[in-house]
Amino acid sequence: MQQEPNPRPATGYPYPHPYPDPPQQPAASANGYPPNAGTAYPYQNHNPYYAPQPNPRAILLRRLFIAFLVFILILGLILFILMLVFRSQYPDVYINSLSVSNFNVSNNHLSGKWDLQLQFRNPNSKMSLQYDTVFLTLYYHRPSRISLSDTRLQPFDQGTKDQTPVNATLSVAGTYVDGRMTNSILEDRSGGRVEFDLRIDSTVTFRYGAFRRRRYVRSYCDDVAVGIPASRGSGEMIGPSKRCKSY
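The numbers in full-length UniProt numbering rise by one with no breaks, and the one at position 96 of the sequence shown is 96.
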């Protein structure tokens, strides 16, 4: 049988493409690089135990800032307490009354009994006081301060702005005095009055919350006149209560 010179493919069967189509390339951008070239294959961390580490310098600065704030707060508290302490006032001491009994001077020997009442006042509005030790010393003020008797009071506490009356007794029984002092006392009694001096030595603790500061306070009650006529051996303080000077 004779074949046709240009045979045609059979209908219904596609003509096989001899070569595959090349992959399509994305169109270049204006700068010559394909778009999203940097994000085509993003990096993924597949390690679940990895976490970004904090900056050591930032941690150090944060700790230094916190330490600085704490230091400022502590310093401010100390300065506040010191301001209260330096502005604290000494206690006020008054001698309200003083009476003398069995007072006698003869043959260079002195006898007598002094009953007195003191008033301690705390002038501070923020600090309480604790009187740990209180010593009283009685003097005859002329011709020089000569100690006659002394005693110690019981410790006591005071709140802010408190006032505390304290009674005390001092006595002398036949103590020796020189001729100069004997003559001076007899001269004073001839005028109907004898003057005495009282010294108060206290160890006081100033308290503000948990803060404590102990201070030594000395108070003087000078020229306390007592009316003691020569015909009697007893007398009372002349005038109203007397404020003592504290240092």
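Positions of the beta carbon are idealized from the N, C-alpha and C atoms, including for glycine.
(1) Quick one, are the C-beta atoms of residue 222 and residue 197 less than 8 Å apart?
(2) Looking only at its chain, what residues have a beta carbon closer than 6 Å to the beta carbon of residue 241, apart from the 5 residues adjacent to it on each side?
(3) Can you confirm whether residue 62, when its beta carbon is compared against all beta carbons of chain C, has any partner nearer than 8 Å?
(4) Using C-beta distances below 6 Å, list every residue in its chain close to residue 175, excluding the 5 sequence neighbours before and after it, in chain order.
(5) Between the C-alpha atoms of residue 213 and residue 81, what's the straight-line distance to the nearest angstrom?
(6) What are the residues that DSSP puts in a beta bridge with residue 221?
(7) State the DSSP-derived secondary structure class of residue 1, mapped to helix, strand or coil.
(8) DSSP on residue 253, reduced to helix/strand/coil?
(9) In the structure shown, what three-state DSSP assignment does residue 228 receive?
(10) Just checking my contact of residue 139 with residue 180 at CB under 8 Å: how many whole Å lie between their CB atoms?
(11) For my contact list, residue 105 and residue 185 are in at a C-beta cut-off of 8 Å; report their separation, rounded to the angstrom.
(12) Between the beta-carbon of residue 108 and the beta-carbon of residue 178, is there less than 8 Å?
(13) Return the chain-ordered ranges of every alpha helix (DSSP H) run that is complete within the stretch 121–197 and spans a minimum of 4 residues.
(14) Closest to residue 235 by CA distance: which of 244, 130, 225 is it?
(15) Rounded C-beta distance between residue 149 and residue 134? I'm assuming under 8 Å.
(16) Candidates 125, 120, 100, 121: which alpha carbon is nearest residue 113's?
(17) What does the Cβ neighbour count give for residue 183, buried or exposed, with the cut at 16 atoms within 10 Å?
(18) What distance in whole Å lies between the Cβ atoms of residue 92 and residue 243, which are believed to be in contact at a cut-off of 8 Å?
Reading off the structure:
(1) The residue given as residue 222 occupies position 222 in the sequence shown. The residue given as residue 197 occupies position 197 in the sequence shown. Cβ distance < 8 Å, so residue 222 and residue 197 count as in contact.
(2) Taking the first residue of the sequence shown as 1, we reach residue 241 at position 241. Result list for residue 241: 94, 96, in chain order.
(3) Absent from the structure is chain C; it holds one protein chain and no more.
(4) If you number the sequence shown from 1, residue 175 lands on position 175. Answer for residue 175: 110, listed in chain order.
(5) Counting from 1 along the sequence shown, the entry for residue 213 is found at position 213. Counting from 1 along the sequence shown, the entry for residue 81 is found at position 81. If I take the Cα positions, the gap works out to 11 Å.
(6) Position 221 of the sequence shown, counted from the first residue, corresponds to residue 221. In DSSP, residue 221 forms a bridge with 198.
(7) The residue you call residue 1 lines up with position 1 of the sequence shown. Its pLDDT being 47, under 50, residue 1 is placed unreliably in this model, and the coordinates cannot settle the point.
(8) The structure shown does not extend to residue 253, since the chain spans only 1 to 247, so no value can be given for it.
(9) By 1-based counting over the sequence shown, the position of residue 228 is 228. Looking at residue 228 - three-state DSSP - the assignment turns out to be coil, as it is neither helix nor strand.
(10) Taking the sequence shown and counting its residues from 1, the one referred to as residue 139 is at position 139. Taking the sequence shown and counting its residues from 1, the one referred to as residue 180 is at position 180. With 8 Å as the limit, residue 139 and residue 180 do not qualify as a contact, their Cβ atoms being about 15 Å apart.
(11) Counted from its first residue, the sequence shown places residue 105 at position 105. Counted from its first residue, the sequence shown places residue 185 at position 185. 5 Å between Cβ atoms; contact.
(12) Here residue 108 refers to the residue found at position 108 of the sequence shown. Here residue 178 refers to the residue found at position 178 of the sequence shown. Yes, the pair counts as a contact, with Cβ atoms nearer than the cut-off.
(13) DSSP runs (the alpha helix (DSSP H)) wholly in the stretch 121–197: 179–190.
(14) Translated into the one-based positions of the sequence shown, residue 235 becomes position 235. Ranking the options by Cα distance to residue 235, first place goes to 225.
(15) On the sequence shown, position 149 is the one that residue 149 refers to. On the sequence shown, position 134 is the one that residue 134 refers to. About 15 Å; that fails the 8 Å criterion.
(16) The count along the sequence shown starts at 1 and reaches residue 113 at position 113. It is 100 whose Cα lies nearest to the Cα of residue 113.
(17) Against the sequence shown, residue 183 aligns to sequence position 183. So residue 183 counts as exposed.
(18) As a working note, residue 243 is residue 243 in the sequence shown. As a working note, residue 92 is residue 92 in the sequence shown. With 8 Å as the limit, residue 243 and residue 92 qualify as a contact, their Cβ atoms being about 7 Å apart.
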